[in-house]
Structures are given as structure tokens and as C-alpha cells.
Amino acid sequence: FRPNSLLHMSVFSQSFSPCGRFLAAGNNYGEIALFSLSAALSPDATALSQKPVLTFTAHDGPVFSLLSNDSQLFSAGNGEISCWSWSLWFLSFRSSLEIPEINAMIINPRDNSLVVGGGDNNIHILDLEHGVFKSVLQGHSDYIHCVSVREREAEILSGGEDGAVRMWDSRTGQSVHCVEIYKYESCARPQYGKWISCLTTDSDWMLCGGGPSLSLWHLRSLSPTSVFPLAGCQRQAAFYQDMILAVGEGPFVSHCLLGGEVKAQIPCTPQSLNTLQINANSTEHRVGLHSLTHLGYTIHTLPTGLGNMHYLQV
1 FRPNSLLHMS
11 VFSQSFSPCG
21 RFLAAGNNYG
31 EIALFSLSAA
41 LSPDATALSQ
51 KPVLTFTAHD
61 GPVFSLLSND
71 SQLFSAGNGE
81 ISCWSWSLWF
91 LSFRSSLEIP
101 EINAMIINPR
111 DNSLVVGGGD
121 NNIHILDLEH
131 GVFKSVLQGH
141 SDYIHCVSVR
151 EREAEILSGG
161 EDGAVRMWDS
171 RTGQSVHCVE
181 IYKYESCARP
191 QYGKWISCLT
201 TDSDWMLCGG
211 GPSLSLWHLR
221 SLSPTSVFPL
231 AGCQRQAAFY
241 QDMILAVGEG
251 PFVSHCLLGG
261 EVKAQIPCTP
271 QSLNTLQINA
281 NSTEHRVGLH
291 SLTHLGYTIH
301 TLPTGLGNMH
311 YLQV
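So for the sequence shown, the UniProt record's numbering puts the first residue at 1; every next one is plus one.
Here it is, written out as C-alpha cells:
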């Protein structure tokens, strides 16, 4: 990344390689940096080994979202999605959308499609086999920040600036449920707004938050079962074994129990964190990566104790 721009850098997105040995990170200058986890996490790691092994410009503006499948890395910017080969590092294809800020992407294995949400308030479905957009899901009234897929139930979930979590039938494209999280007294925090910044699912459970408190929902009953007493807006959260991990405003990574208790908050140097990823592709490098608002990365190793912190230099 640009040395003279470090003080003004924000890391918006990240994704692990299919083999789990590399991390791709995207910043506000449109650059993607590739890190070697084996080098960065080695007991003999040096400042040089914690720097990127490859850096390239992917977009003219910020890289808002990164996503990997078994062979490719997808990157999204303003009105543009690019696909890069993990093995050869060339551009496979580039697709244009007349929308700002493509904030979220997820692959729907049911039909091998890419689900895309962004600044035009719509969900766009990209056919990955043919590289063309095949449908648009309309219903949100403001920016979409996050998307998730329930493959078994053929459902797509989306959360946006309008404070709504919408559930869509991925076969018909119809909205089947709409939950306005900020209208639930146990979740509402008017001082932070109503926007939904993070959303993820695990079987019959949904985790979401942003302006409203981070909360765990049972999807069959569409009701919140736990509300987590975390200060500030949570920008990303994930299920991990029998815990929930969350990052956002505040210099820490929160470890929460499913019942709503905050088990631990692991301190970090920056005052806020943008994204969180869990490396499920490698048992050797099973780490949670939390991209910092400025200056680099903290790597939080998960399985043992409360974790260890490492720093990657951008």
C-alpha cells in the first residue's frame, strides 16, 4: 500500500485464499494487498514478513467488499465487480453496475450465483457461469450494507440503511418477510440510528446489528432471543463454535455467549475496527482477522485462550 497514504488509509474488506494460507485485503485507495499468513504468524516473523507479498490496484475507488470461492477472488467497488484468479493473478472478468458502493457480496451455492447489495437499494443476482446479471430484488428504501444466504431454505437475507432485514425467496425473487429491527424495544437505540450494518445466519438463527443493538434472532419465530450489551455500533459479527465474535466502535474484539453475556473483550490498538473474517480453510492458520480503520491489521488467533495479537503492516 502507498507509504505516503498510511495515515489516511482505511481497510474496508478482506478474504482468505481457498487454501487458507493467504489473506487479501482491500483499502480505500482501490488497492488489494496479499499477505502470507505462514510468514506473518511465524515465531520468527520480521517486519518484512508482515508486509504484503503482492499489491495491485483493483478499482479506481475504495474496495468495499472482497469474497473468495474455490478458485477466484471477487472484489467490488463503485459500480464495478472484478474477478481475479487466485492461482495466476489475472483479471478473469469485470462486470459493471450503475450503482455506488457495492457493500456486500455472498455466493449462493444453490444456483452458483453471486448475491450483491449496494447503494441503489436493490439486490442484484449475478450468474457466475455466464457472467451476467439475471435478476434484481427490490424492496429496500435505502443503501444495502449486508447480505446472507440460507441455502437449505432457499432464502437470501439483506440488511440496510432503512433499518430493515428482508428475507427473499431466492427461487422467485419475492420478499417473504421484513423485520424492522429498530422497532423492537429491546434492540432499539435511537441515538445510533436504525441502520443495519452486519447480518449473518447459521441454520435457524440470525445475528444482526448496527444502530440497533447486536441481537440474536430465531428465524422460525422471527423474534429476538438475546441482545448483547455492547457499546457503539457493531460493524461485523460472526458465529464461531458456541460463541459470537463482533467488532465495531471500540478498541476491542468482543467474545459473546449465545445467551447474551459478553465473555471477553480483547483489546486492540485502534479505536474502531471495520471487518472480521474467520479462516475456515486452514487448521494451521485458523485465525480471525480484524481489519483496522487505519494503518494495518490485527490478527487474533482464535482457538486457544483469549487469543494472541499479531500485526500486519500495510
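For glycine and all other residues, C-beta sits at the position ideal for the given N, C-alpha and C.
Check: R150 and T200 closer than 8 Å at C-beta; Outcome: no
Check: Candidates L67, D162, A164 and W195: closest to V116 by CA position; Outcome: L67
Check: Nearest-angstrom Cα separation, counted from W205 out to I181; Outcome: 15 Å
Check: Proximal residues to A39 (C-beta, below 8 Å), its chain only, five neighbours per side dropped; Outcome: A45, S49, Q50 and V53
Check: Proximity below 8 Å, CB of H140 to CB of R171; Outcome: no
Check: Helix, strand or coil at G305 according to DSSP, with G and I counted as helix; Outcome: With a pLDDT of 46 at G305, under the threshold of 50, the predicted position of this residue should be treated as unreliable, though the coordinate-derived value follows. Note: G305 maps to coil in three-state DSSP.
Check: Option in Y240, N103, S92 and K134 with minimal Cα separation from D111; Outcome: K134
Check: Whole-number beta carbon distance between L97 and H124, since they are thought to touch under 8 Å; Outcome: 6 Å
Check: Q265 - DSSP class collapsed to helix/strand/coil; Outcome: strand
Check: Euclidean distance between Cα positions of A25 and S71; Outcome: 17 Å
Check: S65 - containing beta strand (DSSP E), residue span; Outcome: S65 to S68
Check: CB contact flag (N274, F12, <8 Å); Outcome: yes
Check: DSSP state of Y29 mapped onto helix, strand, coil; Outcome: coil
Check: Continuous beta strand (DSSP E) assignments of at least 3 residues falling wholly in the UniProt repeat "WD" (137-178); Outcome: 144-150, 155-160 and 164-169
Check: Unbroken beta strand (DSSP E) run spanning S85, endpoints; Outcome: E80 to S85
Check: Three-state secondary structure (DSSP) of L276; Outcome: strand
Check: Straight-line gap, H8 to Y29 (C-alpha atoms, nearest Å); Outcome: 10 Å
Check: D127 versus S17, D162, G159 and C83, residue with shortest Cα-Cα distance; Outcome: C83
Check: Beta-bridge partners of W205, as assigned by DSSP; Outcome: D202 and H218
Check: Proximal residues to G260 (C-beta, below 8 Å), its chain only, five neighbours per side dropped; Outcome: L216, S226, V227, F228 and P229
Check: For S135, three-class secondary structure by DSSP; Outcome: strand
Check: G250 classed as buried or exposed, judged by whether at least 16 other C-beta atoms fall within 10 angstroms; Outcome: buried
Check: Burial state of L91, where buried means 16 or more other Cβ atoms lie within 10 Å; Outcome: exposed
Check: Beta-carbon proximity list for C19, same chain, < 6 Å, skipping 5 on both sides; Outcome: none
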